[in-house]
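Have a look at the structure below, then the notes.
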Amino acid sequence: MRVPLTDTTIKSVEDVAEMLEDEDYYFLICVKGEDGDPEPVGVVAFGWVSSPGERGNLMYWVAPEHQGNGYVTEGTELFLDYAFGECGFHKVDARVLVPNEPSWKALEKLGFEREGQRRDDAILDGEYVDAYSYGLLDEEWLDN
Numbered sequence: 022m023r024v025p026l027t028d029t030t031i032k033s034v035e036d037v038a039e040m041l042e043d044e045d046y047y048f049l050i051c052v053k054g055e056d057g058d059p060e061p062v063g064v065v066a067f068g069w070v071s072s073p074g075e076r077g078n079l080m081y082w083v084a085p086e087h088q089g090n091g092y093v094t095e096g097t098e099l100f101l102d103y104a105f106g107e108c109g110f111h112k113v114d115a116r117v118l119v120p121n122e123p124s125w126k127a128l129e130k131l132g133f134e135r136e137g138q139r140r141d142d143a144i145l146d147g148e149y150v151d152a153y154s155y156g157l158l159d160e161e162w163l164d165n
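Counting in my numbering, the sequence shown runs from 22 upward without gaps.
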């Protein structure tokens, strides 16, 4: 199953784990739980890959109670190091809804370039909204 970055049916880490059951490229985002063991609170993954080593479409999700702590940025940095450095991907792209400012600001902070705007690309709260398309090339990431 392929679910885009903008999917709103994801409600828990378990939903994400089920979605990524057969995927090869994903990192769980974990925090130290009350018992000292890692507690999954989110994921960074490729929701789609053109073919290994070419292009992957980035998606991420963090449980609402853990948002705003920098977990997406930190997890995505590690994931991009892996995708570009170890797996040899040429490009990573992402799509994010325009109203989701924290998400597109995280991509821009990581060096993604806004490549376009897709009009009426998704429905959010019963209304059509636009989405931004972002891209990051291997040399842009590896040269930093």
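Cβ atoms here follow ideal geometry from the backbone N, Cα and C, with glycine treated the same way.
Put simply, the backbone Cα of A84 is about 14 Å away from that of T94. Residue state for V83 is assigned as strand, using DSSP reduced to three classes. A contact is defined here as three or more CB-CB pairs under 8 Å, and the segment 69-76 meets this definition with respect to the segment 106-118. Between the C-alpha atoms of V119 and K53 there is a straight-line separation of about 32 Å. Runs of the alpha helix (DSSP H) lying entirely within the segment 48-113, each at least 4 residues long, are 92-101 in chain order. In this structure, the beta-carbon distance from Y103 to R135 does not fall below 8 Å. Secondary structure of L158 (DSSP, three-state): strand. Y149 counts as exposed, since fewer than 16 other beta carbons sit within 10 angstroms of its beta carbon. Y153 is bridged by DSSP to V117 and Q138. The residue from E122, G91 and L101 with its alpha-carbon nearest to that of L158 is L101.
Counting along the chain, the unbroken alpha helix (DSSP H) around L128 starts and ends at E122 to K130. For the set G91, D146 and D151, the Cα lying nearest the Cα of Q138 is the one of D151.
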